[in-house]
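K.L.:
Numbering (the working numbering), first residue to last: 8 to 554.
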Amino acid sequence: MVTSFLNTTLVDLLRDRALSSTAGYTFLTDGETQTEQLSYRQLDEQARSIAAHLQALRLEGERALLLYPPGLELIAAFFGCLYAGVIAVPAYPPRRNQKADRIRAIAQNAQPAVVLTVRSLQDAIDLPGRCIATDAIAPAASEWRSPDVEADAIAFLQYTSGSTSQPKGVCITHRNLLHNLSLVYQKFGHSPQSRCVIWLPPYHDMGLIGGILQPLYGNFPLTLMSPVAFLQKPDRWLQAISRDRATTSGAPNFAYERCLKISPEQRSRLDLSSWEVAFVGAEPIRVETLDRFAEAFAECGFRREAFYPCYGLAEATLFVSGGKKSDSPSILTVEKTALKQHRVAIDPAGERLVSCGQVVDQVAIVDPETLVPCAIDRIGEIWLAGTSVAQGYWNQTDPAFEAMLNGQPFLRTGDLGFLHNGELFVTGRLKDIMIIRGQNYYPQDIEATIAQSHPALQPNAGAAFVDSGDRLVVVQEVTREQWRSIDVDAAIAAVRSAVSQQHQLQVEAIALLKPNSIPKTSSGKIQRFACREGFEQGKLEAIAQWP
8 MVTSFLNTTL VDLLRDRALS STAGYTFLTD GETQTEQLSY RQLDEQARSI
58 AAHLQALRLE GERALLLYPP GLELIAAFFG CLYAGVIAVP AYPPRRNQKA
108 DRIRAIAQNA QPAVVLTVRS LQDAIDLPGR CIATDAIAPA ASEWRSPDVE
158 ADAIAFLQYT SGSTSQPKGV CITHRNLLHN LSLVYQKFGH SPQSRCVIWL
208 PPYHDMGLIG GILQPLYGNF PLTLMSPVAF LQKPDRWLQA ISRDRATTSG
258 APNFAYERCL KISPEQRSRL DLSSWEVAFV GAEPIRVETL DRFAEAFAEC
308 GFRREAFYPC YGLAEATLFV SGGKKSDSPS ILTVEKTALK QHRVAIDPAG
358 ERLVSCGQVV DQVAIVDPET LVPCAIDRIG EIWLAGTSVA QGYWNQTDPA
408 FEAMLNGQPF LRTGDLGFLH NGELFVTGRL KDIMIIRGQN YYPQDIEATI
458 AQSHPALQPN AGAAFVDSGD RLVVVQEVTR EQWRSIDVDA AIAAVRSAVS
508 QQHQLQVEAI ALLKPNSIPK TSSGKIQRFA CREGFEQGKL EAIAQWP
């Protein structure tokens, strides 16, 4: 049982762990066996040193932009900010100019008083103002003064991934965090005997809150690796789970897809029998992916009951809903035609949808046009209320936080879904829906069909959208193994045929892209608006285009 910290702060949480816990973080520097370690006691000491430096600069209440590679320095800087009463702003670090525009957009909105980083990145940061390398700060833990910070103070700004718009800074308070961490701890069935492995980017909600902060809250150890380590060799993730006897780990759907390419020889060295909670979220969850993964890794001791589909978003801190630990994911089979009409009709021969479990706070399914709650069998926008819902966006107002229902404020998530027997099913994004000949189509359904239409097409690396000429357009990556030898005509014909047969739609333009070139967020989500913009401006890295 974890002591309640609901009316305190993350500073109180880490101070408690530093005095009473022997657990901490292990970072796999090479993604495999080389490690750096940081106990909660050592983290507290480093945080106090960084905080003392920030306090000397009189930065309490200001923002600090955190630009770090994945690793332990970022964690120390994050808590250093909290220990100083400074609002942390974690962001993806500069890398070959790929993230420069996003960093500038975040800096323009947050107006940080200081940038914190490491010496190795300091010269690559092109932002105005003071820049401090925290790995060069002299030890000064004894000079730290406990900040005057309350539970409702903003702890950090969580910039949204920007899959449909410019990034916005969600104001996450200490109360939001500790409430949501408590929910995750309870729903995942965690205990001090739990062990976690994570590779997710630490710059957004799932990696930072679900990955880094949850083990601290639960008082159990965490092993981290960088996202690049996983993307280079997906078996590193499963090796770490096997080696550490991890009980909790997870990722978006695409990561489980990538693991299906692990060879039989690599699988033979894995023991996944300790894995109790294999959470999956952050993007549409495919029943087919869960089925294939469970079948492929059953010989390694993986149990299908370990899958834990869940739903969340930054505006609600992280976690919104999840299933029951040790239960197989709940599947509902519905009629495809009804879905296009935003209706739910059970059809044993229809499309299989994965439940995201019971919602832990208040939820309403609302017609996004009339703003009236939907009938039970209708799909609508998911609205939320509760302690996890954030205060709003930094330095800007947004209708998403201004909705009212029965006199109570609700958050408009922009996600579409429905409730069935008390469980939440998420069907898509309101902004992503394509209306073709009066019918509603979810792009992720068409994208899944496309990825399965030809072996040279990379799963979870395509986008379907309607362009400015009202044409159905597909942009799709080719696999690394086949992009130089692909039969372009055969692949294009396969895409057109599959979409026609399964969705009764005609694809009117196709672009096949180089591997790893499709626009994505730092969390791996496809940026459909950027794909459309890049296609129309001819800026995508296409190896072939039709017509």
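Backbone N, C-alpha and C fix where the C-beta goes; we use that ideal spot for every residue, glycine too.
Only a predicted model underlies this, so the values are computations on that prediction, with no experimental measurement involved.
1. Just the C-alpha distance for A98 and E515, rounded to the nearest angstrom, thanks.
2. Which runs of the beta strand (DSSP E) at least 3 residues long sit entirely within the region 447-513? Give them in chain order.
3. Buried or exposed: where does R102 fall if 16 or more other Cβ atoms within 10 Å of its Cβ makes it buried?
4. Residue ranges of each beta strand (DSSP E) run of no fewer than 3 residues wholly in the region 388-446, ordered along the chain?
5. Please return the same chain residues whose Cβ sits closer than 6 Å to the Cβ of D133, not counting the five positions on each side in sequence.
6. Less than 8 Å between C-beta atoms, sequence neighbours within five positions excluded: which residues of the same chain meet that for N402?
7. Skipping 5 residues on each side, what residues in its chain have a beta carbon closer than 8 Å to that of E43?
8. Beta-carbon separation of N183 and T324 under 7 Å?
9. Would you grab the beta carbon distance between E388 and L423 for me? Rounded to a whole angstrom, and I think it's under 8 Å.
10. With distance defined between alpha-carbon atoms, name the residue in A114, R250, Q62 nearest to S149.
11. Look up V361 in the DSSP assignment and say whether it is helix, strand or coil.
12. Could you tell me which whole alpha helix (DSSP H) segments of length 4 or greater appear in the region 73-100?
13. State buried or exposed for V327, treating a residue as buried only when at least 16 other CB atoms are found within 10 Å of its CB.
14. Nearest by alpha-carbon distance to V379: which of T29, L412, I499 is it?
15. If we ignore side chains and look at the alpha-carbon of each, how far apart do R265 and A258 end up?
16. Would you tell me roughly how many angstroms separate the C-alpha atoms of C317 and V361, rounded to the nearest one?
17. Please go through the same chain and pick out, in chain order, the residues whose beta-carbon is closer than 6 Å to the beta-carbon of W553, but skip the five residues on each side of it.
18. With burial defined as no fewer than 16 other Cβ atoms inside 10 Å of the residue's Cβ, what is the status of W390: buried or exposed?
19. Among G92, D374, L164, which has the Cα closest to the Cα of W1?
20. Buried or exposed for N14, going by 16 or more other Cβ atoms inside 10 Å?
21. Who pairs with E43 in a beta bridge, going by DSSP?
22. Would the region 185-200 and the region 50-67 be scored as touching if the rule is three or more Cβ pairs under 8 Å?
23. Would DSSP call A382 helix, strand or coil?
24. Below 8 Å on the Cβ atoms is my contact criterion, and I expect F163 with I144 to pass it. Report the Cβ-Cβ distance as a whole number of Å.
25. CA-CA distance, K347 and E376?
26. Q534 by DSSP, collapsed to three states: which one?
27. Looking only at DSSP bridge pairs, what is F542 linked to?
28. I need the DSSP call for Y210, collapsed to helix, strand or coil.
29. What do you reckon, are the CB atoms on A2 and V485 nearer than 7 Å?
30. Count the other C-beta atoms from every protein chain shown that fall within 10 angstroms of the C-beta of P526, then say buried if there are 16 or more, exposed otherwise.
31. State the start and end residues of the unbroken beta strand (DSSP E) segment that holds P316.
32. Looking only at C-alpha atoms, which of K240, D368, L297 sits nearest to S189?
33. Could you say which of G545, D439, T528 lies nearest to D108 if we only look at CA atoms?
34. Only counting the same chain, and skipping five residues up and downstream in sequence, which positions put a Cβ closer than 8 Å to that of A537?
35. Does the pairing of the region 302-310 with the region 279-292 give three or more beta-carbon distances under 8 Å?
P.N.:
Per the coordinate set shown:
1. 38 Å
2. 464-473, 479-485
3. Using a 10 angstroms sphere on the CB of R102, the tally of other CB atoms stays under 16, which defines it as exposed.
4. 410-412, 415-427, 430-436, 441-443
5. none
6. N116, A117, Q118, G176
7. T33, F34, T36, G78, L79
8. Contact: yes.
9. 6 Å
10. When each option's Cα is compared against that of S149, the closest is Q62.
11. Strand, per DSSP.
12. 79-90
13. With 16 or more Cβ atoms within 10 Å of its Cβ, V327 is classed as buried.
14. L412
15. Looking at the two C-alpha atoms, the distance is approximately 11 Å.
16. 10 Å
17. I499, I517
18. Label assigned to W390: buried.
19. Nothing about residue 1 can be reported from this structure: the residues present for the chain run from 8 to 554 only.
20. exposed
21. When DSSP reads this structure, E43 sits in a beta bridge with F34.
22. Flag = no, the region 185-200 and the region 50-67 do not touch.
23. coil
24. About 20 Å; that fails the 8 Å criterion.
25. Roughly 17 Å between the two C-alpha positions.
26. coil
27. F542 pairs with nothing; no bridge assigned.
28. coil
29. This structure cannot speak to residue 2, because the chain is shown only from 8 to 554.
30. buried
31. Where P316 is concerned, the enclosing beta strand (DSSP E) stretches over 314-319.
32. D368
33. Taking only the C-alpha atoms, the option nearest D108 is T528.
34. Non-local beta-carbon contacts of A537 in its own chain, meaning distances under 8 Å to residues more than five positions away in sequence, involve P526 in chain order.
35. Segments in contact, yes.
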